[in-house]
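Trainee:
Residue numbers (our numbering): 1 to 552.
1. What does the alpha-carbon distance come out to for the pair residue 510 and residue 541?
2. Are residue 225 and residue 254 touching if we call contact CB-CB under 9 Å?
3. Under three-state DSSP, which class holds residue 161?
4. Here's a check: name, in chain order, each residue in its chain whose Cβ is nearer than 6 Å to the Cβ of residue 419, leaving out the five neighbours to either side.
5. Going by DSSP in three states, residue 445 sits in which element: helix, strand or coil?
6. Can you tell me which of 406, 70, 145 and 42 puts its alpha carbon nearest to the alpha carbon of residue 5?
7. Starting from the Cα of residue 555, find the closest Cα among 8, 125 and 458 and give me that residue.
8. Leaving out five residues on either side along the sequence, give the residues of the same chain with a beta carbon under 7 Å from the beta carbon of residue 305.
9. Tell me, please, whether the segment 335-343 touches the segment 452-465 by the rule of three or more beta-carbon pairs shorter than 8 Å.
10. Count the C-beta pairs between the segment 143-156 and the segment 167-176 that are closer than 8 Å, then say yes if the count reaches three, no if not.
11. If you pair each beta-carbon of the segment 405-421 with each one of the segment 376-387, do three or more pairs fall below 8 Å?
12. Which of the three DSSP states, helix, strand or coil, is assigned to residue 462?
13. Taking the CB atoms as reference points, tell me whether residue 179 and residue 538 lie closer together than 9 Å.
14. Per DSSP, which one or two residues make a beta bridge with residue 425?
15. From residue 47 to residue 167, what does the alpha carbon distance come to, in whole angstroms?
16. Roughly how many whole angstroms lie between the Cα atoms of residue 553 and residue 519?
17. Grab the span of the alpha helix (DSSP H) containing residue 348 for me, first residue to last.
18. In the DSSP assignment, the alpha helix (DSSP H) including residue 548 goes from what residue to what residue?
19. Quick check on the burial criterion: 16 or more other C-beta atoms within 10 angstroms. Buried or exposed for residue 140?
20. Below 9 Å between beta carbons: does that hold for residue 372 and residue 392?
21. Please check the pair residue 485 and residue 532, which I expect to be a contact at CB under 8 Å, by giving their CB distance rounded to whole angstroms.
22. Could you check whether residue 303 and residue 212 sit closer than 9 Å to each other, using their CB atoms as the reference points?
23. With C-beta atoms as the reference, is residue 311 less than 9 Å away from residue 516?
24. With which residues is residue 511 paired in a DSSP beta bridge?
25. Starting from residue 501, trace the alpha helix (DSSP H) both ways and give me its first and last residue.
26. Determine the burial state of residue 552: buried for a count of at least 16 other Cβ atoms within 10 Å of its Cβ, exposed for fewer.
27. So, does the segment 226-240 touch the segment 281-289, judging by three or more C-beta pairs under 8 Å?
28. At the level of alpha carbons, what is the spacing between residue 301 and residue 55?
29. Leaving out five residues on either side along the sequence, give the residues of the same chain with a beta carbon under 8 Å from the beta carbon of residue 37.
30. Can you tell me the Cβ-Cβ gap for residue 309 and residue 331, rounded? I've got them flagged as a contact below 8 Å.
31. Provide the residue span of the beta strand (DSSP E) that contains residue 252, from first to last.
32. Identify the continuous beta strand (DSSP E) that holds residue 308 and give its terminal residues.
33. Tell whether a beta-carbon distance below 9 Å holds between residue 194 and residue 186.
34. Note down the Cα distance separating residue 422 from residue 386, rounded to an integer number of angstroms.
35. Let me know the secondary structure DSSP gives residue 439 once reduced to three states.
36. With a CB to CB cut of under 6 Å and the five nearest residues on each side skipped, what residues in its chain are close to residue 81?
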């Protein structure tokens with residue numbers, strides 16, 4: 001296990017260098033000193049440390065930083081390393097704010113600048129923080145190691161699954177010495193990747209997601225056969241329903257096929273969500289909601305594919321692809337939407353090998369100083385462009401329209417316009433993808449004239465359209481022509497209730513054509529496709545479920 005980290009963040013380069021120099025001089029033989037120049041960069045470094053299964057002992061943050069001050073950074077950092085000791089660097093004029101930080105957000109100490117001489121003013125503070133951290137250290141994460149090829153789609157799928165489920169892992173290339181040694185020790189060759197080595201010594205060659213989930217500690221089996229509430233889909237709407245359902249005493253189980261968060265969980269930065277003036281990453285928001293639901297007693301099942309929904313008197317039966325099922329008094333459908341596949345020659349063959357759907361956060365550092373292409377003009381594409389611009393030499397956004405104004409929030413458009421290495425290409429679409437082992441080149445076409453041009457790139461991220469994940473429902477509930485679930489007033493036709501409706505009342509606002517089955521978030525017809533509205537609908541669904549249950 002590498003040495004624990006001491007992380008410092010300060011936007012003043014001179015101060016940042018000075019504190020790092022002084023810390024390395026005294027602690028460099030026992031701790032790894034990590035330096036960042038902004039709160040965002042520091043959080044990104046902490047996320048990478050977390051994924052590697054390493055530890056952070058002390059965080060030192062400057063109070064006065066633009067975009068995200070030191071208090072806000074330390075509060076966010078607590079989600080990743082709650083036991084790390086937190087020190088705020090302040091000027092004399094900011095001591096009141098520092099004292100408030102100690103009282104309000106659990107900052108351990110504040111340190112006045114300048115701290116010369118460090119032997120008197122810096123080291124004693126850090127020594128005490130390290131002593132306190134060692135007295136109750138965070139247990140080392142059980143390290144999962146993944147051996148694979150750089151341009152292997154199955155290797156990417158394993159890494160993406162672990163990252164989206166917040167499972168720390170170490171990534172090793174099969175053609176490097178350590179990766180080769182692990183393959184040899186497991187009796188495998190480079191053709192057998194991805195190889196996953198769990199913390200308890202098990203080796204999994206090219207595992208499927210269900211096997212992988214079981215061996216890395218994710219829950220896949222329900223503890224009960226009958227619940228008050230089953231929530232299908234763990235995006236913002238599903239998490240909202242699970243939190244409110246469990247907190248109000250309903251026996252609640254949340255079922256997710258792949259990973260919590262849905263599309264929102266992949267977002268690098270959500271800046272228009274209430275209560276987070278400096279923005280919040282999708283992973284951070286998802287993890288907070290997941291922990292909140294679990295704390296209230298909800299169960300979370302991963303890698304469970306729902307394939308059918310049936311009505312049985314007052315109960316509702318959810319069938320899974322493995323032949324098992326669970327029953328409940330009520331169901332919330334919160335399966336969200338998926339990105340539409342882009343139909344162009346070469347894309348299918350190169351998916352996972354340079355072509356990705358959604359924001360593949362595990363790939364961002366690998367794009368360093370390279371050209372990245374993004375297809376799409378909505379908020380998810382804009383958030384990805386801003387994120388990848390921190391790594392790539394240039395980010396190219398390909399949009400079919402004339403500009404972004406009709407599809408993207410204005411705050412994101414302003415950010416994109418202010419970032420020098422993002423270029424928006426209007427009236428552009430991908431006509432073909434080229435490459436052997438991985439993506440090497442794109443043919444980009446102007447749909448108006450048909451004129452094409454070839455561009456060299458190894459990275460294409462696609463954010464187009466939204467298809468509801470409702471095909472598994474068949475005829476269980478009524479859907480519109482696009483597949484979105486119809487609810488409430490939309491089910492009434494000339495004042496008449498939907499066919500098969502047996503209750504002496506109209507469907508509740510979020511209720512589907514099957515009584516006791518509700519839809520929330522993006523999967524619902526005519527819903528507002530925003531994180532905040534999805535969370536609100538999840539909570540509202542639970543309120544309506546109480547009314548439904550009281551009438552039974």
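Beta carbons are placed, not taken as given, at the ideal position from N, Cα and C, and that holds for glycine. A quick note: this is a predicted structure, and the numbers were derived from the prediction, not measured.
Mentor: According to the structure data:
1. Locating residue 510 in the chain shown gives position 510, where the first residue counts as 1. Locating residue 541 in the chain shown gives position 541, where the first residue counts as 1. Spanning the alpha carbons of residue 510 and residue 541 requires a straight line of approximately 6 Å.
2. In the chain shown, the residue the question calls residue 225 occupies position 225. In the chain shown, the residue the question calls residue 254 occupies position 254. Cβ distance not < 9 Å, so residue 225 and residue 254 don't count as in contact.
3. As a position in the chain shown, residue 161 is number 161, starting the count at 1. Helix, per DSSP.
4. For the purposes of this step, residue 419 is identified with residue 419 of the chain shown, where counting begins at 1. The residues are 389.
5. Taking the chain shown and counting its residues from 1, the one referred to as residue 445 is at position 445. Assignment of residue 445 by DSSP, reduced to helix, strand and coil, places it in the strand class.
6. Reading the chain shown from its first residue, position 5 is the one you call residue 5. Answer by Cα proximity: 42.
7. The requested residue 555 does not occur in the structure, where the chain is confined to residues 1 to 552.
8. Taking the chain shown and counting its residues from 1, the one referred to as residue 305 is at position 305. Contacts found: 257, 320 and 321.
9. A contact exists between the segment 335-343 and the segment 452-465.
10. These segments touch.
11. Touching, yes.
12. The sequence position of residue 462 within the chain shown is 462, counting from 1. In the structure shown, residue 462 falls within a strand segment according to DSSP collapsed to helix, strand and coil.
13. Translated into positions along the chain shown, residue 179 becomes position 179. Translated into positions along the chain shown, residue 538 becomes position 538. Cβ distance not < 9 Å, so residue 179 and residue 538 don't count as in contact.
14. Mapped onto the chain shown, residue 425 falls at position 425. Beta bridge pairing from DSSP links residue 425 with 398.
15. Translated into the one-based positions of the chain shown, residue 47 becomes position 47. Translated into the one-based positions of the chain shown, residue 167 becomes position 167. If you take the alpha carbons of residue 47 and residue 167, they lie about 11 Å apart.
16. Only positions 1 to 552 of the chain appear in the structure, and residue 553 is not among them; the question remains open.
17. Stepping through the chain shown from its first residue, residue 348 is reached at position 348. Counted as a single uninterrupted DSSP element, the alpha helix (DSSP H) harbouring residue 348 occupies residues 347-350.
18. Locating residue 548 in the chain shown gives position 548, where the first residue counts as 1. Residue 548 -> alpha helix (DSSP H) spans 531-550.
19. Looking up residue 140 in the chain shown gives position 140. The predicted model places residue 140 with a pLDDT of 49, which falls under 50 and marks its position as unreliable; any figure quoted below should be read in that light. With fewer than 16 Cβ atoms within 10 Å of its Cβ, residue 140 is classed as exposed.
20. To locate residue 372, count along the chain shown from 1; it is residue 372. To locate residue 392, count along the chain shown from 1; it is residue 392. Yes, the Cβ-Cβ distance between residue 372 and residue 392 is below 9 Å.
21. Here residue 485 refers to the residue found at position 485 when the chain shown is read from its first residue. Here residue 532 refers to the residue found at position 532 when the chain shown is read from its first residue. With a Cβ gap of about 20 Å, residue 485 and residue 532 do not count as contacting.
22. Here residue 212 refers to the residue found at position 212 of the chain shown. Here residue 303 refers to the residue found at position 303 of the chain shown. Note that the C-beta distance between residue 212 and residue 303 is below 9 Å.
23. For the purposes of this step, residue 311 is taken as residue 311 along the chain shown, with counting starting at 1. For the purposes of this step, residue 516 is taken as residue 516 along the chain shown, with counting starting at 1. In this structure, residue 516 lies closer than 9 Å to residue 311 by Cβ.
24. Reading the chain shown from its first residue, position 511 is the one you call residue 511. Paired residues: 518.
25. As a working mapping, residue 501 is identified with position 501 in the chain shown. According to the DSSP assignment, residue 501 belongs to no alpha helix (DSSP H), since it is labelled neither H nor E.
26. For this step, residue 552 is matched to residue 552 along the chain shown. Per the 10 Å Cβ criterion, exposed.
27. A contact is defined here as three or more CB-CB pairs under 8 Å, and the segment 226-240 meets this definition with respect to the segment 281-289.
28. As a first step, residue 301 must be located in the chain shown, where it is residue number 301. As a first step, residue 55 must be located in the chain shown, where it is residue number 55. Going by the C-alpha atoms only, they are around 28 Å apart.
29. Sequence index remark: in the chain shown, residue 37 carries index 37 (1-based). Cβ neighbours of residue 37 beyond the five flanking positions: 9, 10, 11, 13 and 16.
30. Your numbering for residue 309 matches position 309 in the chain shown. Your numbering for residue 331 matches position 331 in the chain shown. Sure, about 7 Å apart at Cβ, within 8 Å.
31. Position 252 of the chain shown, counting from 1, holds the residue named residue 252. Start and end: 252-255.
32. Taking the chain shown and counting its residues from 1, the one referred to as residue 308 is at position 308. First-last of the beta strand (DSSP E) with residue 308: 306-312.
33. Residue mapping note: residue 194 aligns to position 194 of the chain shown, counting from 1. Residue mapping note: residue 186 aligns to position 186 of the chain shown, counting from 1. One thing to note: residue 194 has its Cβ no nearer than 9 Å to the Cβ of residue 186.
34. Numbered from its first residue, the chain shown carries residue 422 at position 422. Numbered from its first residue, the chain shown carries residue 386 at position 386. Whole-angstrom Cα-Cα distance: 8 Å.
35. Stepping through the chain shown from its first residue, residue 439 is reached at position 439. Looking at residue 439 - three-state DSSP - the assignment turns out to be coil, as it is neither helix nor strand.
36. As a working note, residue 81 is residue 81 in the chain shown. Its chain contains 56 as the residues whose beta carbon lies nearer than 6 Å to that of residue 81, once the 5 sequence neighbours on both sides are disregarded; these appear in chain order.
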